[in-house]
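Quick mapping for you: the protein sequence lines, in order, are chains C and L. Per this note's numbering, the very first residue in the first sequence carries number 12; after that it's consecutive. Per this note's numbering, the very first residue in the second sequence carries number 180; after that it's consecutive. Ideal placement from N, C-alpha and C gives every residue a C-beta, glycine not left out. The structure under discussion appears below in the form of structure tokens.
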Amino acid sequence: MTRPAKIRCDACPVMCYIADGKTGACDRYANAGGQIIRCDPLTILDRRIAKGDEIKPFLAANWDGYTATGDDVTVSAIGAGTTYPDYKPAPFIVSREIAGVDCVTVVTEAIFSYCGVKVKIDTDRHLGAEAATVRAEGEAIGHVMTSEYGSQMLSLGGVDHLTGGSKAEGRTTCDALLQLCNKEAVELTVDGGSTVVVQAGQAPIVDGVREDRMRVGCGSATIGMFASQWKGLVDEVVVVDDHITGVVSEHQAGKVIDWPDTGIRIKGHRSTPGRYFKVAEPGQGWGGTNIEDPLTILGEWRADKGAKPGLRLLMVSTTGDHAAYFVLNDALEPDAAPMPQALQPSVDLIAQNCEPALCTVLFMGGAGGSLRSGVTENPVKLTNSVKAAQTKVTIGGAPVYRWPGGGITVMVDVTDVPDGAFGYVPTPALVAPLEFTVDRAAYEALGGHSTVIRTLSDVLETGGEYGADARIVGTAER
Amino acid sequence: MTAPQHALLPDCRLHLHHGPIDLIIGVEGSKRNACYRAACERFATVLQGLVAELSDLRQPLQNTRFSDPIARRMAQAVAPHGGVFVTPMAAVAGAVADEVLAAMITDHVPPKAYVNNGGDIALHLSGQRSFNARSPTADITITAEESARGIATSGWRGRSHSLGIADAVTVLARTAATADVAATLIANAVDVPGHPAVSRQPASALSPDSDLGERLVTTDVGPLPAADIAKALSGGAKVAQNMMNRGHILQAILSLQGQTNEVPLDL
């Protein structure tokens with residue numbers, strides 16, 4: 012067996028020997044095939060990634076004449092190398108033209124001690140009480156926030172979990188945040204609640220069960236939305252739902268359009284007219300209940316309240332996944348019958364209005380004074396310039412929401428950020444790519460480090476302090 | 180090559196970084212800025228001082244006379260531990276914390292200060308001040324009256340390699356360097372030799388210039404039967420008790436897969 016080649020890193024005075032594929036003592040520099048690299052090469056984002064083109068590695072040596080100036084390419088901070096704590100300019104201050112304006116993009120990897128993620132989980136299942144502790148691998152990493160429409164919110168991370176608790180808590184929090192930000196799956200448990208597997212852009216898995224679709228609304232709401240479309244096509248509609256099952260003839264939405272009584276009887280706790288709780292137990296059947304045969308929730312039909320032979324009944328689940336059509340026989344028992352063509356579109360409409368259930372992960376962090384000083388010599392000028400919308404802030408090239416008020420506190424949907432863009436330092440804290448884009452004159456007015464501005468083509472050809480490796484994300488072909 | 184870097188964190192702690200060293204420093208009281216200046220000044224030459232004697236520091240202690248003050252702290256911390264493989268590198272993190280703390284409070288003495296070097300922490304406390312830390316079993320509070328001024332944690336999951344399988348061994352001692360080397364050696368002694376659930380690799384395969392050379396370091400520990408966990412922990416606790424009897428450490432908390440042992444036991 013031959014020993015892997017080891018080489019010497021000169022990024023700091025320790026001058027570690029690093030084996031191929033390993034990092035040095037700092038975990039920041041690595042040996043990749045005999046070359047010392049920052050753990051991520053500088054990444055250039057092609058705006059045409061929006062078209063869904065595949066991510067392609069790019070090597071400066073194979074530059075094919077594709078012009079990198081202009082609106083198509085954003086210089087991202089992924090792999091720029093951090094200057095933290097900054098008393099020197101950010102690693103890349105790149106001059107390029109956007110729409111005829113000489114623009115300056117300042118790119119740096121920012122260490123966010125003050126950071127976390129806000130997670131939205133599309134599910135109607137109760138994940139846990141508000142403020143309940145959320146754990147990863149047994150360590151407290153956050154808490155349950157509010158329930159929102161059809162979804163539940165978690166707040167994970169934050170400086171108290173990262174650095175305010177035990178070493179294990181900080182490390183576990185950092186690990187979980189890093190995985191979530193890099194679009195990997197993380198299993199979370201809620202004290203007194205559920206276990207949920209969260210992955211950005213993917214369906215949540217609650218207590219081992221994958222949530223596929225978000226329902227339009229509860230059974231009652233579905234009745235409200237579709238009652239007028241059913242009028243005349245069918246005599247009774249039951250929308251089966253684990254939360255609130257709706258019955259159109261009894262429901263207020265039916266009453267206002269003079270829907271006649273049908274003598275139907277639902278086995279369950281009536282809440283208000285046409286709305287029933289607990290028609291069954293929760294499960295994998297109709298509308299999140301354990302029902303396989305929907306007729307089991309119906310009692311005897313009452314002739315004195317309007318039941319008659321030939322009465323047409325539609326039963327449908329809140330997601331439109333299940334639907335069945337029945338006609339009452341002479342004994343006032345529902346017999347299954349083929350779904351009339353006229354009714355099918357309303358069932359399809361329910362299904363169409365159900366959106367895929369997803370987990371959404373928003374990274375949230377604040378850019379502090381030291382980070383801003385890597386960009387300009389007067390940090391507050393940068394803050395004010397961002398607020399005045401003169402300087403654009405992006406994370407890994409993705410647009411951010413900036414919170415009003417003091418400082419530069421931003422949120423970004425991690426699915427908009429290229430894969431593997433987030434890193435960490437053992438502080439523990441997350442490292443995120445951060446870019447400030449401003450036109451050159453304004454940058455100089457901000458007190459920017461104008462002496463170290465380089466052209467985009469120079470950065471692409473010669474790279475930064477560590478390696479000329481750059482890659483274009485998105486296609487770079489003509 | 181990058182120079183030492185410093186930054187004030189938003190909560191007024193100081194972050195110093197150079198190569199593999201990250202220090203988080205806190206000072207209470209009106210002398211904070213003066214202390215931070217002193218810390219930055221001392222930190223400027225920490226790494227270069229160590230690097231100059233690195234090859235000797237990676238060898239078990241011989242009769243080397245180290246000229247760098249941190250190297251001397253490291254040598255002093257490992258000196259009492261004969262009969263077991265250890266190099267001064269086992270004390271490097273704690274010794275850096277001790278040195279920067281000492282430099283920081285030489286001219287201006289604040290009521291409370293600490294230097295946290297990746298979990299190996301040097302403390303200064305006076306009056307009614309106390310320092311709170313969390314361990315796998317309980318919160319640790321150190322008051323000014325107590326003699327502990329160093330806290331260190333070691334385990335196979337940490338940044339340095341371990342010969343043992345402890346998830347974490349936290350040690351309180353009079354200095355961070357002493358706590359550091361003790362935590363390393365106690366964590367090494369928490370072991371179940373030859374157990375199939377434990378994966379190991381030569382240290383040199385992971386880090387070519389590791390002071391541990393070809394010694395096998397732990398890379399993964401699968402679930403262990405409760406009896407093996409207890410046996411491994413008691414092996415570590417015995418080493419810890421011995422260190423306590425000899426006056427090197429004040430307290431140790433050992434944890435492995437949910438079980439913990441404490442030395443001394445009556446705490």
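Among L:322, L:263, L:191 and L:302, whose alpha-carbon lies nearest the alpha-carbon of residue 367 (chain L)?
If you number the second sequence from 1, residue 367 (chain L) lands on position 188. When each option's Cα is compared against that of residue 367 (chain L), the closest is L:263.
Does residue 237 (chain C) come out as helix, strand or coil in the three-state DSSP assignment?
Counting from 1 along the first sequence, the entry for residue 237 (chain C) is found at position 226. Of the three classes helix, strand and coil, the one that applies to residue 237 (chain C) here is helix, per DSSP.
What are the start and end residues of the alpha helix (DSSP H) that includes residue 220 (chain L)?
The count along the second sequence starts at 1 and reaches residue 220 (chain L) at position 41. Residues 211-222.
In its own chain, which residues sit with a C-beta less than 6 angstroms from the C-beta of residue 320 (chain L), not counting the 5 before and 5 after it?
For the purposes of this step, residue 320 (chain L) is taken as the residue at position 141 of the second sequence. The answer, listed in chain order, is 309 and 311.
Suppose the cutoff is 8 angstroms on Cβ atoms and the five residues either side in sequence are ignored; what does the same chain contact list for residue 228 (chain L) look like?
On the second sequence, residue 228 (chain L) is found 49 positions in, with the first residue counted as 1. Contacts found: 247, 248, 249 and 250.
Step through the CB atoms of chain C and report whether any lies within less than 7 angstroms of the CB of residue 407 (chain L).
Here residue 407 (chain L) refers to the residue found at position 228 when the second sequence is read from its first residue. False, the Cβ-Cβ gap to chain C never drops below 7 angstroms.
Consult DSSP for residue 61 (chain C) and reduce its assignment to one of helix, strand or coil.
As a first step, residue 61 (chain C) is located in the first sequence; it is residue number 50 there, counting from the start. Note that residue 61 (chain C) scores a pLDDT of 36, beneath 50, so its modelled location is shaky; the value from the coordinates is reported in the next line. If DSSP states are grouped into helix, strand and coil, residue 61 (chain C) belongs with the helices.
Can the beta-carbon of residue 217 (chain L) be found less than 7 angstroms from the beta-carbon of residue 356 (chain L)?
Your numbering for residue 217 (chain L) matches position 38 in the second sequence. Your numbering for residue 356 (chain L) matches position 177 in the second sequence. Not a contact, by the Cβ cut-off of 7 angstroms.
Give a yes or no on whether the C-beta atoms belonging to residue 264 (chain C) and residue 234 (chain C) are separated by under 7 angstroms.
Position 253 of the first sequence holds residue 264 (chain C). Position 223 of the first sequence holds residue 234 (chain C). A contact, by the Cβ cut-off of 7 angstroms.
List the whole-angstrom C-beta distance separating residue 267 (chain L) from residue 236 (chain L), where the pair is believed to meet the contact cut-off of C-beta under 8 angstroms.
For the purposes of this step, residue 267 (chain L) is taken as the residue at position 88 of the second sequence. For the purposes of this step, residue 236 (chain L) is taken as the residue at position 57 of the second sequence. In this structure residue 267 (chain L) touches residue 236 (chain L) by the C-beta definition: roughly 5 angstroms separates them, less than 8 angstroms.
Does residue 235 (chain L) have its Cβ less than 7 angstroms from a Cβ in chain C?
As a working note, residue 235 (chain L) is residue 56 in the second sequence. Taking Cβ atoms only, chain C never reaches closer than 7 angstroms to residue 235 (chain L), which makes this a no.
Residues in the same chain with beta-carbon distance under 7 angstroms from residue 189 (chain C), minus the five sequence neighbours each way, listed in chain order, please.
The residue given as residue 189 (chain C) occupies position 178 in the first sequence. Around residue 189 (chain C): 433, 435 and 441.
Within 10 angstroms of the Cβ of residue 356 (chain C), are there 16 or more other Cβ atoms? Answer buried if so, exposed if not.
Walking along the first sequence from the start, residue 356 (chain C) turns up at place 345. The residue in question, residue 356 (chain C), is exposed, as its Cβ has fewer than 16 Cβ neighbours within 10 Å.
Are the CB atoms of residue 344 (chain L) and residue 397 (chain L) within a distance shorter than 7 angstroms?
As a working mapping, residue 397 (chain L) is identified with position 218 in the second sequence. As a working mapping, residue 344 (chain L) is identified with position 165 in the second sequence. Yes. Within cutoff.
One question on the structure: do residue 364 (chain L) and residue 328 (chain L) come within less than 7 angstroms of each other, judged by their Cβ atoms?
Walking along the second sequence from the start, residue 364 (chain L) turns up at place 185. Walking along the second sequence from the start, residue 328 (chain L) turns up at place 149. Taking 7 angstroms as the Cβ cut-off, residue 364 (chain L) and residue 328 (chain L) do not qualify as a contacting pair.
Can you tell me the Cα-Cα spacing of residue 139 (chain C) and residue 289 (chain C), whole angstroms?
As a position in the first sequence, residue 139 (chain C) is number 128, starting the count at 1. As a position in the first sequence, residue 289 (chain C) is number 278, starting the count at 1. Approximately 20 angstroms, taken between the alpha carbons.
Any idea what DSSP makes of residue 172 (chain C), helix, strand or coil?
As a position in the first sequence, residue 172 (chain C) is number 161, starting the count at 1. Helix, per DSSP.
Output the boundary residues of the alpha helix (DSSP H) element that contains residue 273 (chain L).
By one-based count along the second sequence, residue 273 (chain L) stands at place 94. 271-283 is the extent of the alpha helix (DSSP H) around residue 273 (chain L).
Figure out for me which residue from C:448, C:146 and C:44 has the closest Cα to the Cα of residue 181 (chain C).
Here the question's residue 181 (chain C) lines up with position 170 in the first sequence. For the residues C:448, C:146 and C:44, the minimum Cα distance to residue 181 (chain C) belongs to C:146.
Quick check: the segment 318-331 of chain C against the segment 358-366 of chain C, are at least 3 beta-carbon pairs closer than 8 angstroms?
The segment 358-366 of chain C vs the segment 318-331 of chain C: in contact.
Write down the C-beta distance between residue 423 (chain C) and residue 373 (chain C) rounded to the nearest angstrom, noting that I regard them as a contact closer than 8 angstroms.
Within the first sequence, residue 423 (chain C) is the residue found at index 412, counting from 1. Within the first sequence, residue 373 (chain C) is the residue found at index 362, counting from 1. Yes, residue 423 (chain C) and residue 373 (chain C) are in contact; Cβ-Cβ is about 7 angstroms, under 8 angstroms.
Do residue 28 (chain C) and residue 388 (chain L) have their beta-carbon atoms positioned less than 7 angstroms apart in this structure?
The residue you call residue 388 (chain L) lines up with position 209 of the second sequence. The residue you call residue 28 (chain C) lines up with position 17 of the first sequence. Yes; because the gap between Cβ atoms is below 7 angstroms, this pair is in contact.
Under 7 angstroms, do residue 368 (chain C) and residue 156 (chain C) count as touching if we go by C-beta distance?
Along the first sequence, one-based indexing puts residue 368 (chain C) at 357. Along the first sequence, one-based indexing puts residue 156 (chain C) at 145. Contact flag unset, no.
So what's residue 206 (chain C) in DSSP terms, helix, strand or just coil?
Position 195 of the first sequence, counting from 1, holds the residue named residue 206 (chain C). In this structure, residue 206 (chain C) counts as strand in the three-state DSSP scheme.
Assess contact between the segment 397-413 of chain L and the segment 424-440 of chain L, defined as three or more Cβ pairs (one per stretch) separated by less than 8 angstroms. Is contact present?
yes
By the 10 Å Cβ neighbour count, where 16 or more other Cβ atoms means buried, how is residue 6 (chain C) classified, buried or exposed?
The question about residue 6 (chain C) has no answer, for chain C in this structure spans 12 to 489.
Straight-line CA distance for residue 97 (chain C) to residue 167 (chain C)?
To locate residue 97 (chain C), count along the first sequence from 1; it is residue 86. To locate residue 167 (chain C), count along the first sequence from 1; it is residue 156. For residue 97 (chain C), the predicted model reports a pLDDT of 33, less than 50, meaning its position is unreliable and no value from the coordinates is stated.
Does the beta carbon of residue 37 (chain C) come closer than 7 angstroms to any beta carbon on chain L?
Within the first sequence, numbered from 1, the residue matching residue 37 (chain C) stands at position 26. Yes, its Cβ sits closer than 7 angstroms to a Cβ of chain L.
So, do the segment 282-297 of chain L and the segment 374-393 of chain L have three or more beta carbon pairs nearer to each other than 8 angstroms?
The segment 282-297 of chain L, when compared against the segment 374-393 of chain L, does not touch it at the 8 angstroms Cβ threshold.
Does the beta-carbon of residue 185 (chain L) have 16 or more other beta-carbons within 10 angstroms, so that it is buried, or is it exposed?
In the second sequence, the residue the question calls residue 185 (chain L) occupies position 6. Buried, by the Cβ-count rule.
At a CB-CB cut-off below 8 angstroms, which residues of chain L make contact with residue 160 (chain C)?
The residue you call residue 160 (chain C) lines up with position 149 of the first sequence. Here the premise fails: no neighbours, minimum Cβ distance about 34 angstroms.
If you reduce the DSSP assignment to three classes, tell me which class residue 224 (chain C) lands in.
In the first sequence, counting from the first residue as 1, residue 224 (chain C) sits at position 213. Reduced to three states, the DSSP call for residue 224 (chain C) is strand.
Using a C-beta to C-beta distance shorter than 9 angstroms, which residues of chain L count as neighbours of residue 27 (chain C)?
Along the first sequence, one-based indexing puts residue 27 (chain C) at 16. Here the neighbours are 198, 199, 386, 387 and 388.
Using 10 angstroms around the beta-carbon of residue 201 (chain L), count the other beta-carbons present and answer buried if the total reaches 16, otherwise exposed.
Position 22 of the second sequence holds residue 201 (chain L). The residue in question, residue 201 (chain L), is buried, as its Cβ has 16 or more Cβ neighbours within 10 Å.
Could you tell me which residues DSSP pairs with residue 440 (chain L) in its beta bridges?
Position 261 of the second sequence holds residue 440 (chain L). Answer is L:433, bridged to residue 440 (chain L).
One question on the structure: do residue 131 (chain C) and residue 371 (chain C) come within less than 7 angstroms of each other, judged by their Cβ atoms?
For the purposes of this step, residue 131 (chain C) is taken as the residue at position 120 of the first sequence. For the purposes of this step, residue 371 (chain C) is taken as the residue at position 360 of the first sequence. For residue 131 (chain C) and residue 371 (chain C), yes; Cβs fall inside 7 angstroms.
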